[in-house]
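Worksheet: the structure to be examined is printed underneath.
Residue numbers (UniProt numbering): 1 to 141.
In structure tokens:
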């Protein structure tokens, strides 16, 4: 006798239907961007992606309130280095904005992809630091 299928209504986001530990642009459909706090940086070995593609080593970011990790490609890694420096320990606890960008070349294909940038919070803090430094330099000795 066949096992009975258990059904329940689903009214979540389409991205939740993917069985993957990795973030994808589909996860942000309709949102376009989200601010996330970096909880950890990981070096993952022997990783297999959807479609059977595999890589020996993949670096990723874990976020404090997201169930999926962001695979760090070269562009996003360079952005983070520019924001917070080359020592990845300095990235932990920082808030970044993850957003969808169209027109990213992946092999021979042009696709949507995820990019990172400084969050508004980070930009405001940097502006305040620069303003304070400028004011300090103008003060009389």
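Positions of the beta carbon are idealized from the N, C-alpha and C atoms, including for glycine.
Next item on the list: Write down every uninterrupted run of the beta strand (DSSP E) in the segment 11 to 39 whose length is 3 residues or greater and which is fully enclosed by it, in chain order.
Entry: Qualifying beta strand (DSSP E) stretches: none in this window.
Item checked: Close-in-space but distant-in-sequence residues of the same chain around residue 102 (CB under 6 Å, 5 per side omitted) -> 112
Checklist line | Inter-residue spacing [alpha-carbon to alpha-carbon] between residue 139 and residue 82 | finding: 30 Å
Note to self: Measuring straight from C-alpha to C-alpha, what distance separates residue 105 and residue 9?
What the structure shows: 37 Å
Notebook entry, point to check: Does DSSP put residue 45 in a helix, in a strand, or in coil?
Noted result: strand
Check: Should residue 34 and residue 92 be called a contact, given that it needs their Cβ atoms to be closer than 8 Å?
Finding: no
Checklist line | Complete runs of the beta strand (DSSP E) confined to the segment 41 to 106 [at least 3 residues] | finding: 54 to 63 and 95 to 106
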